[in-house]
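Numbering (our numbering), first residue to last: 205 to 317.
Shown next as structure tokens:
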């Protein structure tokens, strides 16, 4: 009888210990995931979004003539040269990427802008 009680006690302790170890290992793995892997993935995602938006805006604008816009305005001659000197297309790319970054950050809960 004492051998049976000690065997039952050993089995209960083994099951409880395995569950505790599994829980601790899961917590450690999730903590490492959220502290190491997730910030890298989010950083790459935000970088890809900003790179896509800047390449889109840069593709739509021409550095010298601004003919890339689908509108009635076309800057040729002196106006195109002046806009090229002031690098208006790069300024628009920076402004649009800042707007997209602000919209992206507004999608994150508990962030005040």
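Think of the CB as a built atom: it goes at the ideal place given N, C-alpha and C, for glycine as much as any other residue. Because the structure is a prediction, the values reported are computed rather than measured.
Contact between residue 296 and residue 261 holds, with the beta-carbon distance rounding to 6 Å and staying under 8 Å. Of the candidates 213, 251, 215, 243, the residue whose Cα lies closest to the Cα of residue 301 is 251.
Taken in chain order, the complete alpha helix (DSSP H) segments of 4 or more residues contained in the region 206-239 are 206-236. Distance from the CA of residue 248 to the CA of residue 233, rounded to the nearest whole angstrom, comes to 21 Å. Using a 10 angstroms sphere on the CB of residue 259, the tally of other CB atoms stays under 16, which defines it as exposed. As the crow flies, the alpha-carbon of residue 285 is around 15 Å from that of residue 294.
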